[in-house]
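For the sequence shown, the working numbering gives the first residue as 1, with consecutive numbering after it.
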Amino acid sequence: MMEQSGRAIAEARRAERIRQLSERMAEFLGEGGTRVSLEIGCGHGHWLTSLAENSPEERLIGVDLISRRIRLAEAKVAKRDLTNTLFLKAEATETLEAWPETVALKRIFLLHPDPWPKKRHAKNRMTGPAFLDRMAAAASPGCEFYFRTDDAPFFEWSRESLEAHPAWKSVELPWPHEAGSYFKDMLGVHGALTAVRV
Ligand SMILES: C[S@@+](CC[C@H](N)C(=O)[O-])C[C@H]1O[C@@H](n2cnc3c(N)ncnc32)[C@H](O)[C@@H]1O
Numbered sequence: 001m002m003e004q005s006g007r008a009i010a011e012a013r014r015a016e017r018i019r020q021l022s023e024r025m026a027e028f029l030g031e032g033g034t035r036v037s038l039e040i041g042c043g044h045g046h047w048l049t050s051l052a053e054n055s056p057e058e059r060l061i062g063v064d065l066i067s068r069r070i071r072l073a074e075a076k077v078a079k080r081d082l083t084n085t086l087f088l089k090a091e092a093t094e095t096l097e098a099w100p101e102t103v104a105l106k107r108i109f110l111l112h113p114d115p116w117p118k119k120r121h122a123k124n125r126m127t128g129p130a131f132l133d134r135m136a137a138a139a140s141p142g143c144e145f146y147f148r149t150d151d152a153p154f155f156e157w158s159r160e161s162l163e164a165h166p167a168w169k170s171v172e173l174p175w176p177h178e179a180g181s182y183f184k185d186m187l188g189v190h191g192a193l194t195a196v197r198v
């Protein structure tokens, strides 16, 4: 009984977080504008703020679980006076569930996510079928997916996973913007994968 009510409380909190996230994103995005992109696990926001400076017509959202990283990303937004970028401390799956139905999500970036190298942790990998499902549910048809990693085994695993997923068609897309990120600068890039929402 106690355990059940604990679960109910956790679910109610999750639902409330998703409601607030959805409201916040809808308010920022308005009608959406020319192109709307999401970076999942944006870290300190190096890459997304650099993209934002180069693409003032776009609307960009970056999410990360760690508050300090989001605060550093927000400081970059303030310093550069970027009005087209919003950073949120939010969990990736909840963000995708909260994505406003009225706004077409056109690009998703996943740069150097955790590789979760142990086999028993493979379910946590963000290029696995469950997360690809989540992204597909939020993405508009034609939405582009960009992934980069520094980890060779994770790259191969992700390539197979993406190629096997029915909602994503692997296609070669030019990399849209080159800039550093904390993990790219530290570890380099082993490989990139790109795909389009069918
Ligand atoms: C290895 S770092 C890469 C950060 C950045 N993309 C870069 O290239 O420097 C992975 C980031 O994903 C974030 N992250 C991990 N799981 C997450 C989740 N479920 N939702 C949101 N962010 C997540 C972590 O907090 C971390 O900042």
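We put the CB at the ideal spot given by N, CA and C, even for glycine.
In terms of side-chain proximity, the C-beta atom of aspartate 151 is found no nearer than 7 Å to any non-hydrogen atom of ligand 1. Rounded to the nearest whole angstrom, the C-alpha separation of alanine 139 and tryptophan 168 is 10 Å.
Residue burial annotation: leucine 187 is exposed, with fewer than 16 other C-beta atoms found within 10 angstroms of its C-beta.
For proline 141, the closest of Glu97, Val103, His177 and Leu82 by C-alpha to C-alpha distance is Val103. The beta carbons of serine 50 and alanine 179 sit about 4 Å from each other, so the pair counts as a contact at 8 Å.
Here glutamate 101 is exposed. Its C-beta has fewer than 16 other C-beta atoms within 10 Å. Secondary structure note for alanine 164: its alpha helix (DSSP H) is the uninterrupted segment 152–164.
Alanine 92 has its Cβ nearer than 7 Å to a heavy atom of ligand 1.
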